[in-house]
Amino acid sequence: MQYIFRSFFLAGLLLISVSSMAQKSFTPEWSKGIVWYQIFPERFNNGDPTNDPNAEDQDGAYPFNTTSPFQIHSWTSDWYQLQPYEQQNGKDIYYNLQRRVYGGDLQGVINKLDYIKSLGIDAIYMTPIFWSPSSHKYDALCYHHVDPTFGPDPKGDIALMEKENPLDVKTWVWTKADLLALKLIKEIHSRNMRIIFDGVFNHMGVKSFAFRDVEKNQQASPYADWFSVKSWNDAAKGTTFDYNGWFGVKTLPEFKEDNHGIVAGPKQYIFNATKRWMNPMDKGTKDGIDGWRLDVAYDVGHPFWKDWRKWVRSINPTAYMTAELVYPINETKPYLEGDEFDATMNYNFAFIMHDFFIQDKTGSTVTAFDARLKELREVFGNDVALNMQNLMNSHDATRLASAVANPDGLKFGDWGKYFNWSQKSNNKDYNARKPTASQIQKQKLIAAFQMLYLGSPMIFYGDEAGIWGGNDPDCRKPMIWEDKTYDPETYNPDQTRHEPDQVAFNKELFKWYQKFMGLRKTYKSLQLGDYTTIEKNDIQRFYAFSRKYNNEEVLVLINRSEKPVQYNSAILKSGSYKDVFSKKTFKSVTIQPMDLVVLFK
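Plus 641 on top of the position in the sequence shown (first one is 1) and you've got the numbering used here.
Here's what the structure looks like:
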């Protein structure tokens, strides 16, 4: 999903009730119930300052300025503060935020794999790493090469790539950035984790090899049939070159589609690039990625995804495929019937969670919360439900830490309107300040529920470290690391000042995430067990559920209210339930406000 232009997309989505149906297993076993960690590489960690991009590397990316003063932005600086080099172009903070580059790269990810493993992560989803002029890299120049500035030798890599014929796989080279990506995959696998790449197969960047050739050579280009061209330069006809860009954005020219999906030229190129990263150098899938996340999957025809799935599974029968879909249930179903995707980024889960946990005065009842979860959990079948990436935020949504700091605003499920409302650039009243202690407690309760619920929880990098920020671009702040000293946030977007918000790695929050990820690994029932509602109390805002797998059971007691709740259910009277952490036996238990208790037997 893209960065700035998504803001008015898919307004007013509602969950629509659909009856559950039986479904045969078609998803990988390894991906069921795992914990995902989403990384936005440019903002995660700068492991190699020698490869830092320059202004020219941004040629073709918004805001299309390669001449103003430019430098790698200080990792630890105040987010909204215009730095001296930025002030020279005379533009506001939002213009400059889109130009900023912090230098995150693949070596930076490799250097932090032990940190990720220690958190309790099972698999990593990387937003795009292919060659691109932007920080987000959803405007790819190609799919078969990693961005040179993510590797150790940008100039050398570019020189190598210039010798290729993109239409001839035999001429494709392995750049140093490509080889570093293979090292990253190897290092992840050696830690018993998995990794998936982001596939942006609806469009390419305006500076891509194919589109540049089309612009130059028009109908004579070997790529002339690749894009959705509306008219060509033709003096006799009085026409000029025009084409469709994704969502009307001309820097993102869309691939041409027919009744069979994406047409033959780009389709074959995509298939070739797909195999390259799944079975690099034909040395076996053990050296390749474990699957894909597919950007704007709803903007590519179903026939293409059906063919692409067959291709992917022919390369690796256990590959995992998840789609970006911000659709209600009935429109999501066609993608999850066994011949396209294994799961989606589960925004519907986030919508339900937001209505119950984040909203205060306008929040849903416990009964409604349970009913909506049940519908979502059952409609696609248990096989898919265990694979769904249950997220609360992403690179396309306000940070969880800021969502909890803005209760009773618009509904997250009203996607387009909420997207705009949660951007500080569009809503001056949006609270972009550091969350309070009580708001962080709400985040902790939500995170715990993610880990205890059925499915595959997904965390956006830095949630566990305490990063806050409104919607894009503020959700893409550089990662907070424990060994760095950060400037406090004191600047507002208009460059006025407020009281300092201290920026530092939140050790307590990290340990909370770590504790509940560890709990998930300890109990098979939390990974693969069934789900049974035990109690729904709308007055007390109390909710209890059970996860069972074979003879193992975990009982979760949630207090969403501002008052303590005493739980004296008959199921505790047997004395067989113990606290998962203290191992003490309970026949009655008190759950503190905005907190939970987890028991097992």
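By construction, the Cβ of each residue, glycine as well, lies at the ideal position given by its N, Cα and C atoms.
Keep in mind that this is a model prediction, so the values were computed, not measured.
Check, Outcome
"In the DSSP assignment, what residue or residues form a beta bridge with W677?", "A764 and M1099"
"What does DSSP give as the partner residue(s) for D996 in the beta ladder?", "DSSP lists no partner for D996."
"In angstroms with no decimal places, state the Cα-to-Cα distance between S1223 and V1239.", "10 Å"
"Going along the chain, which residues of its own chain have a beta-carbon closer than 8 Å to the beta-carbon of F912, five neighbours each way excluded?", "W949 and W952"
"In chain order, what residues of the same chain have a beta carbon less than 7 Å from the beta carbon of D819, not counting five sequence neighbours either side?", "H786 and V787"
"Which runs of the beta strand (DSSP E) at least 3 residues long sit entirely within the region 726–797? Give them in chain order.", "764–767"
"What's the call for V1045, buried or exposed, on a 16-neighbour Cβ count within 10 Å?", "buried"
"Can you tell me which residues form a DSSP beta bridge with T1039?", "None; T1039 has no bridge partner."
"In the DSSP assignment, find the unbroken alpha helix (DSSP H) run with D698 in it and report its ends.", "Here D698 belongs to no alpha helix (DSSP H), and DSSP marks it neither H nor E."
"Can you pull the DSSP bridge partners for D689?", "According to DSSP, which records beta bridges pairwise, D689 is partnered with nothing at all."
"On the DSSP letters alone, give me the boundaries of the beta strand (DSSP E) that F838 sits inside.", "R835 to G840"
"Just how far apart, CA to CA, sit A674 and K804?", "Rather than Ala, the amino acid found at residue 674 in this sequence is Gly. The straight-line gap from Cα to Cα measures roughly 44 Å."
"Going by beta-carbon coordinates alone, are V1195 and R1188 separated by less than 7 Å?", "yes"
"Return the bridge partner residues of E1194 from the DSSP annotation.", "K1189"
"Considering only their Cβ atoms, is the gap separating H995 from F1060 smaller than 7 Å?", "no"
"In terms of alpha-carbon separation, which member of K1069, E972, D1113 and I1100 lies closest to F1151?", "I1100"
"Q722 bridges to which residues according to DSSP?", "None; Q722 has no bridge partner."
"Apply the 10 Å Cβ neighbour rule to Q909 and answer buried if 16 or more other Cβ atoms are within range, or exposed otherwise.", "exposed"
"Quick check on Q1207: does DSSP put it in helix, strand or coil?", "strand"
"Is it buried or exposed for D1135, if we count other Cβ within 10 angstroms and need 16 for buried?", "exposed"
"Taking Q729 and P710 to be in contact with their CB atoms under 8 Å, please state how far apart those CB atoms are, rounded to whole angstroms.", "5 Å"
"Within 10 angstroms of the Cβ of R835, are there 16 or more other Cβ atoms? Answer buried if so, exposed if not.", "buried"
"Considering only residues of the region 1044–1086, which uninterrupted alpha helix (DSSP H) runs meet the minimum length of 4 residues and lie entirely inside it, listed in chain order?", "1056–1062"
"Name, in chain order, the residues that DSSP records as bridge partners for Q1030.", "M986 and S1097"
"If you draw a straight line from the C-alpha of Q1143 to the C-alpha of N1047, how long is it?", "19 Å"
"Can the beta-carbon of G797 be found closer than 7 Å to that of Q748?", "no"
"Three Cβ pairs or more, each shorter than 8 Å: is that satisfied between the region 697–716 and the region 860–872?", "no"
"If you run the structure through DSSP and keep just helix, strand and coil, what is K857?", "helix"
"Answer yes if the region 837–847 comes into contact with the region 811–818, meaning at least three C-beta pairs across the two stretches below 8 Å, and no otherwise.", "no"
"Pull the bridge partners of I1180 from the DSSP assignment, please.", "Answer by DSSP bridge pairing: none, since I1180 is not bridged."
"Among residues of its own chain, excluding the 5 on either side of K1204, which ones have a beta-carbon nearer than 7 Å to its beta-carbon?", "P1234"
"Using a Cβ-Cβ cutoff of less than 6 Å, which residues in the same chain neighbour S672 once the five nearest sequence positions on both sides are dropped?", "Y961 and N1028"
"Which runs of the beta strand (DSSP E) fall wholly inside the region 907–950 and span at least 3 residues, in chain order?", "932–935"
"If distances are taken between C-alpha atoms only, which option among I1199, V870, Y1184 and D1171 comes closest to Y1190?", "D1171"
"Could you round the C-beta distance between D610 and T668 to whole angstroms and report it? I think they count as a contact, below 8 Å.", "Residue 610 falls outside the range modelled here, since the chain spans only 642 to 1242, and no answer is possible."
"Count the other CB atoms, across all protein chains shown, that sit within 10 Å of the CB of T1137; report buried if there are 16 or more and exposed otherwise.", "exposed"
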